[in-house]
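Enquirer: Following our numbering from start to finish, the sequence shown increments by one per residue and tops out at 441.
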Amino acid sequence: MAKKPKHSAALGFIFITIFIDVLGLGIIIPVLPKLLQTLGHIDVREASWYNGWLTFVYAFMQLMFATIMGNLSDRYGRRPILLISLFGFGIDYMVMAFAPTIMWLFAGRTIAGICGASTSTATAYIADVSTGNKRAANFGLVGAASAIGLIFGIALGAYLSAINLRLPFMAAAAFAFGNGLYGLFVLPESLPREHRRKFEWKRANPLLSLLRIYKKQPALASLLGATCLVYIAQKAVEYLLSFFVYEKFDWTPASVGTLGIFLGLILVAIQGGLIRYTVPKFGQQKNIIAGLIFYAIGLSLIAVASKGWMLYLFMIPYCLGGLSGPALQGVASAQVANNEQGELQGAFAILNSISLIVGPLLFSYVFFFFTKKTSAVYFPGAPYLLAAILMIVSTFIAIRSFKKKHSLV
Numbered sequence: 033m034a035k036k037p038k039h040s041a042a043l044g045f046i047f048i049t050i051f052i053d054v055l056g057l058g059i060i061i062p063v064l065p066k067l068l069q070t071l072g073h074i075d076v077r078e079a080s081w082y083n084g085w086l087t088f089v090y091a092f093m094q095l096m097f098a099t100i101m102g103n104l105s106d107r108y109g110r111r112p113i114l115l116i117s118l119f120g121f122g123i124d125y126m127v128m129a130f131a132p133t134i135m136w137l138f139a140g141r142t143i144a145g146i147c148g149a150s151t152s153t154a155t156a157y158i159a160d161v162s163t164g165n166k167r168a169a170n171f172g173l174v175g176a177a178s179a180i181g182l183i184f185g186i187a188l189g190a191y192l193s194a195i196n197l198r199l200p201f202m203a204a205a206a207f208a209f210g211n212g213l214y215g216l217f218v219l220p221e222s223l224p225r226e227h228r229r230k231f232e233w234k235r236a237n238p239l240l241s242l243l244r245i246y247k248k249q250p251a252l253a254s255l256l257g258a259t260c261l262v263y264i265a266q267k268a269v270e271y272l273l274s275f276f277v278y279e280k281f282d283w284t285p286a287s288v289g290t291l292g293i294f295l296g297l298i299l300v301a302i303q304g305g306l307i308r309y310t311v312p313k314f315g316q317q318k319n320i321i322a323g324l325i326f327y328a329i330g331l332s333l334i335a336v337a338s339k340g341w342m343l344y345l346f347m348i349p350y351c352l353g354g355l356s357g358p359a360l361q362g363v364a365s366a367q368v369a370n371n372e373q374g375e376l377q378g379a380f381a382i383l384n385s386i387s388l389i390v391g392p393l394l395f396s397y398v399f400f401f402f403t404k405k406t407s408a409v410y411f412p413g414a415p416y417l418l419a420a421i422l423m424i425v426s427t428f429i430a431i432r433s434f435k436k437k438h439s440l441v
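1. Along the chain, where does the alpha helix (DSSP H) containing residue 368 start, and where does it finish?
2. Please report the straight-line C-alpha distance between residue 217 and residue 363, rounded to a whole angstrom.
3. Can you tell me whether residue 34 is buried or exposed, with buried defined as 16 or more other CB within 10 angstroms of its CB?
4. Quick check on residue 136: does DSSP put it in helix, strand or coil?
5. Quick check: what's the CA-CA separation for residue 202 versus residue 416?
6. Would you kindly check if the distance between the Cβ of residue 184 and the Cβ of residue 296 is under 8 Å?
7. Give a yes or no on whether the C-beta atoms belonging to residue 173 and residue 43 are separated by under 8 Å.
8. If you follow the alpha helix (DSSP H) that residue 442 is in, where does it begin and where does it stop?
9. Let me make sure I understand the geometry here. Which of 365, 399, 393 and 395 has the alpha-carbon closest to that of residue 157?
10. Taking the beta carbon of residue 54 as the centre, do at least 16 other beta carbons fall within 10 Å, making it buried, or is it exposed?
11. Once DSSP output is grouped into helix, strand and coil, what is the label at residue 307?
12. Go through its chain and collect everything with a Cβ distance to residue 432's Cβ below 8 Å, but skip five positions before and after it.
13. Report yes or no: do the segment 318-334 and the segment 347-359 share at least 3 C-beta pairs separated by less than 8 Å?
14. Please name the residue in 126, 214, 386 and 411 whose C-alpha comes closest to that of residue 398.
15. Under 7 Å Cβ to Cβ from residue 66, same chain only, skipping five residues before and after it: list those, please.
16. Counting C-beta neighbours from all protein chains within 10 Å, is the total for residue 127 16 or more, i.e. buried, or is it exposed?
17. Using the Cα positions of residue 145 and residue 121, report the straight-line distance between them to the nearest angstrom.
18. Taking only the alpha-carbon atoms, compute the straight-line gap between residue 439 and residue 430 and give it to the nearest angstrom.
19. Who are the Cβ neighbours of residue 87 in its own chain at under 6 Å, not counting the five residues just before and after it?
20. Between residue 208 and residue 118, how many whole angstroms is the CB-CB distance? I'm expecting something under 8 Å.
21. With a threshold of 6 Å on Cβ separation, who are the neighbours of residue 420 within its own chain once the five nearest residues in sequence on each side are excluded?
22. How is residue 70 classed by DSSP in three states: helix, strand or coil?
23. Considering only the beta carbon of each residue, do residue 68 and residue 131 sit closer than 8 Å?
24. Just to confirm my understanding: we take residue 46, look at its own chain, exclude 5 residues before and 5 after, and list those with CB closer than 7 Å. What are they?
25. Roughly how many angstroms separate the alpha carbons of residue 284 and residue 273, rounded to a whole number?
26. Can you tell which of 60, 336, 382 and 101 has its C-alpha closest to the C-alpha of residue 83?
27. Please return the same chain residues whose Cβ sits closer than 7 Å to the Cβ of residue 186, not counting the five positions on each side in sequence.
28. To which residues of the same chain is residue 280 closer than 6 Å at the C-beta, ignoring the five residues directly before and after it?
29. Using the three-state DSSP reduction, which class does residue 313 fall into: helix, strand or coil?
30. With the cut-off set at 8 Å, would you say residue 92 and residue 389 are in Cβ contact?
31. Taking buried to mean at least 16 other C-beta atoms within 10 Å of its own C-beta, is residue 409 buried or exposed?
32. Determine whether the beta carbon atoms of residue 249 and residue 367 lie at a separation below 8 Å.
33. Put residue 195 into one of helix, strand or coil per three-state DSSP.
34. With C-beta atoms as the reference, is residue 359 less than 8 Å away from residue 303?
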C-alpha cells in the first residue's frame with residue numbers, strides 16, 4: 033500500500049491555496065462597487081447591476097469546471113491541477129488590477145471562475161492524506177482558510193483601496209504567484225498512481241455528477257442538499273453584509289474591515305481549533321446539527337440588530353455555525369472511495385457555485401424590496417431572517433439523511 037504524504041508543509045500549502053482562492057472574492061466585496069463606478073462612469077445603482085452579472089459569470093464558470101478539475105485531479109494527480117490554478121489566479125488578479133474597461137473585469141472573472149474550481153482538488157488532497165476524525169478536523173482547516181480568505185480579503189480591500197483602488201488586486205496577484213512558486217518546491221503528490229482512474233467526460237458533467245450521486249447514494253444526496261441550502265444562506269453574510277451596515281448603521285469601509293478582522297479571528301479559533309475538540313468529543317453528526325442551529329440563531333439576531341455594536345456580539349453564534357461545514361464534508365467523504373474523492377469534492381464545488389448564482393441575487397432582491405422608499409415595511413434585516421429559515425430547513429434535511437443512512441446499513 034502506498035504511503036500517504038503527511039508533510040505539514042503540504043497541508044500548509046493547501047491552506048494557503050484555499051485562502052488565496054477565497055481572498056479574491058473577499059477583496060471584490062468592498063472594492064468592486066467603486067471600481068465599477070470609476071471604469072464605467074456610472075452610479076451605485078448601475079454598478080450593483082454589473083456586480084450581479086460579474087458574480088454570475090464567476091459562479092457559472094466555476095460550476096462548469098468544478099467536476100472537470102476534480103476528475104482531472106483523479107486522473108493526473110492533485111499537484112499539477114493546483115499549481116496551474118494558482119498561476120491562473122495570479123493572471124486574473126493582474127487583469128483586474130490594470131483593467132481599462134468593465135469588459136476586462138468580465139474576462140478576469142471568467143479566468144477566476146475556472147481557477148476557482150480548484151477548490152475541489154484542494155479538498156480532495158485533504159481527503160487523500162486524512163482518515164477518520166482527523167479528516168473532519170483537517171476539513172476544519174479548509175473551512176478556516178476559506179473564512180480567513182474571505183474576511184481578510186474584505187479587510188484588505190477596504191484598507192488598501194483607501195491608498196489606491198487597484199492596490200488590493202495587485203496584492204492578491206503577488207500572493208497567488210508567490211504561493212504557486214512555493215508549491216513547486218514543497219508540495220508532494222497525494223494521489224498514488226495505482227489509485228488514479230481514467231478521465232471520463234460523462235463523469236465531468238456537473239449535473240450528471242450530482243444525478244449519479246442521487247441515484248447511487250440517496251443518503252449522501254440528502255446531505256448534499258442540506259449543504260446547498262447552507263451555502264445559499266451563507267451568502268447573506270458574505271455578499272450583503274457591507275450593504276446592510278451601510279444602509280442601517282451608516283458605516284464606512286474601514287468599519288466593515290474592522291468587523292471583518294473580528295470575524296476572521298473568531299472563525300479561525302472555531303474551525304482551526306475548537307472543531308478539533310468537538311468532533312472527537314461529540315461526533316460529526318452532532319457537530320452538524322449544533323452548527324446549523326447556531327447559524328440559524330446568529331442570522332436571526334443579525335436580522336433584528338438595532339445598534340452597530342450588536343453585530344460583534346451576534347456574529348459569535350453565527351461563526352459557531354462553522355462547526356457544521358467540516359463535519360458535513362467529513363461525513364460525505366467517508367461514504368466514497370479514494371479514487372472518487374475528487375469527484376465528490378467537485379460536487380461540493382458545484383453546490384457552492386449554484387449557491388453563488390442563487391444566493392447573492394436572492395438576498396439582494398429581498399434587501400432591495402424591504403429598503404426601497406415605496407416598501408410598506410422597512411426591514412433591512414429581512415435577508416438574514418430568510419437565511420435563518422433556510423438553515424432550519426437544512427437541519428431537518430441533514431437529520432433525515434442520517435436516519436436514511438442508518439436504515440441502509
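Idealized CB from N, CA, C, for every residue including glycine.
Expert: According to the structure shown:
1. Looking at the DSSP string, residue 368 is not in any alpha helix (DSSP H), and its letter there is neither H nor E.
2. Computed Cα separation, rounded: 32 Å.
3. Any reading at residue 34 must be qualified, since the residue scores a pLDDT of 43, below 50, and its modelled position is unreliable; the value itself is stated next. Its Cβ having fewer than 16 others within 10 Å, residue 34 is exposed.
4. helix
5. Going from the Cα of residue 202 to the Cα of residue 416 covers about 33 Å.
6. Cβ atoms of residue 296 and residue 184: closer than 8 Å.
7. For residue 173 and residue 43, yes; Cβs fall inside 8 Å.
8. Since the first and last residues shown for the chain are 33 and 441, residue 442 lies out of range.
9. 365
10. buried
11. Helix.
12. 254
13. yes
14. 411
15. 193 and 197
16. buried
17. 9 Å
18. Annotation note: pLDDT 48 at residue 439 (below 50); position unreliable, coordinate value reported separately. Between residue 439 and residue 430, the alpha-carbon positions lie close to 14 Å from each other.
19. 392
20. The distance from the Cβ of residue 208 to that of residue 118 is about 5 Å, consistent with a contact at the 8 Å cut-off.
21. For residue 420, where only same-chain residues beyond five positions count, the Cβ hits under 6 Å are 328, 331 and 332.
22. helix
23. no
24. 154, 157 and 158
25. 12 Å
26. Nearest C-alpha to residue 83: 60.
27. Spatial neighbours of residue 186 in its own chain (CB-CB distance under 7 Å, excluding positions within 5 residues in sequence) are listed in chain order as 58, 61, 62, 288, 289 and 292.
28. 412
29. helix
30. yes
31. Label assigned to residue 409: exposed.
32. yes
33. In this structure, residue 195 counts as coil in the three-state DSSP scheme.
34. Contact flag unset, no.
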